[in-house]
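Trainee:
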Amino acid sequence: MSSKKYFFFTLFLALTVTTFCLTACDSAPDSHSQAQVEVNTSNRQPTSNESAISDPANNPVKELPKSPPSHSYPSCINSDPNHICIGIKMVSYQDNAGVPVITEADTLKLVDQMNQLWSQCNIAYQLEVYRTVNPRALNLTYSPDWETESNYVREKFNDDSRFLVVAVGPWNVATIAVTMMPESGIYGTIVDKQYSHNPLTVGHELGHYQGLYHVEDTNNLMSAYIGSDTKGLTTSQCTVARNADQASWPMMMRMPN
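For the numbering used here, add 3 to where a residue sits in the sequence shown, where the first one is 1.
1. Using the C-alpha atoms, what's the distance from Met256 back to Lys69?
2. Please report the distance separating the alpha-carbon of Gly90 from that of Gln249.
3. Taking the Cβ atom as the reference point for each residue, do Ala247 and Pro202 lie within a distance shorter than 8 Å?
4. On the DSSP bridge assignment, give the partners of Arg257 in chain order.
5. Please classify Asp232 as buried or exposed, where buried requires at least 16 other C-beta atoms within 10 Å of its C-beta.
6. Going by alpha carbons, who is nearest to Pro173 out of Pro253, Leu215, Pro259 and Ser95?
7. Provide the residue span of the alpha helix (DSSP H) that contains Leu130, from first to last.
8. Can you tell me whether Met117 is buried or exposed? The criterion is at least 16 other CB atoms within 10 Å of its CB, across all chains shown.
9. Would you check if the distance between the CB atom of Gly188 and the CB atom of Leu167 is smaller than 8 Å?
10. Who pairs with Ala170 in a beta bridge, going by DSSP?
11. If you check the beta carbons only, do Ala170 and Ile229 fall under 8 Å apart?
12. Have a look at Ala100, Ala127 and Val114 and flag the residue whose alpha-carbon is nearest the alpha-carbon of Arg139.
13. Does the contact criterion of 3 or more C-beta pairs under 8 Å hold for the stretch 147 to 159 versus the stretch 109 to 128?
14. Does the distance from the CB of Asp195 to the CB of Tyr145 come in under 8 Å?
15. Looking at Ile80 and Pro253, is the spacing between their C-beta atoms short of 8 Å?
16. Which one of Val181, Glu131 and Asp163 has the shortest CA to CA distance from Pro147?
17. Does Val102 pass the burial test, meaning 16 or more other C-beta atoms within 10 Å, or should it be called exposed?
18. Please state whether DSSP places Asn201 in a helix, a strand or coil.
19. How big is the Cα-Cα spacing for Val218 and Arg134?
20. What three-state label does DSSP hand Thr182 in the structure shown?
21. With distances taken from CA atoms, which of Pro84, Asp83 and Lys92 is nearest Leu209?
22. Closest to Val156 by CA distance: which of Asn137, Ile193 and Gln129 is it?
23. For Val218, does the three-state DSSP call read helix, strand or coil?
24. How far does the alpha helix (DSSP H) with Leu111 in it extend, from its first residue to its last?
25. Please report the straight-line C-alpha distance between Asn161 and Val132, rounded to a whole angstrom.
26. In whole angstroms, what separates the C-alpha of Thr242 from that of Asn137?
27. Label Ser199 either buried or exposed according to how many other C-beta atoms from any shown protein chain fall within 10 Å of its C-beta, with 16 as the threshold for buried.
28. Just verifying my parser: in three-state terms, what is the DSSP assignment at Gly188?
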């Protein structure tokens, strides 16, 4: 990764040193606000709804919908009634030469690597839709301004049945990915081209998708500084993520027919 150094401001995340990089989560505190970067999370304490349980991987799943029609990609559905399987839709922008930011093969590899990370919470993902688009043909910008265009991008591609990840052209700014927290606005992850292949970056963003905030522990997947060892998830984080999936994303979850 780049050796560029970034600074941390009160309402703007711009971090990273040496091999580290920063991702961000959007929040929409009221209907008049633009998407913002979530910043004050390092000292956040779990609420009463986030108390740890003895084994979050065995926290029973409630009333999952059936899986959508079969698709050609590997499935994360299994016979474990406590296992959470979530559908993914990947939209990859194309450059002027028609080259996608991330290929279908690389997306499958990315999903497999993220599943290894999230297995500690008994959560997994399956690619269900892979789509390449010419952003210019859709009146979109190849390298969109994440602060002003993120919701417009999300509106173009979300379908209310899968986690949305959109891989766009390079932003060339400190922020490398943005994600809406549950129940805070138009859902979806948007990730910079340079980090769209990185399971630690995209896996981190899916953590925001599932209600997780940044933490100080630099060995944790939800550390604002993403490096080669930021892979851990705590019992409490697994609880929060699983609860968020069932409360906010039931239509994204899959179970055996």
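Here a beta-carbon is modelled for each residue, glycine too, at the ideal position from N, C-alpha and C.
Mentor: If we stick to the structure as given:
1. For Lys69, the pLDDT reaches just 46, beneath the cut-off of 50, and the residue's location in the model is therefore unreliable, although a value from the coordinates is still provided. Going by the C-alpha atoms only, they are around 8 Å apart.
2. 14 Å
3. no
4. Cys88
5. exposed
6. Ser95
7. Not the alpha helix (DSSP H): Leu130 falls in the beta strand (DSSP E), residues Ile126 to Val136.
8. buried
9. no
10. Ser95 and Val194
11. no
12. Ala100
13. no
14. no
15. no
16. Val181
17. exposed
18. coil
19. 33 Å
20. strand
21. Lys92
22. Ile193
23. strand
24. Glu107 to Trp121
25. 11 Å
26. 39 Å
27. buried
28. coil
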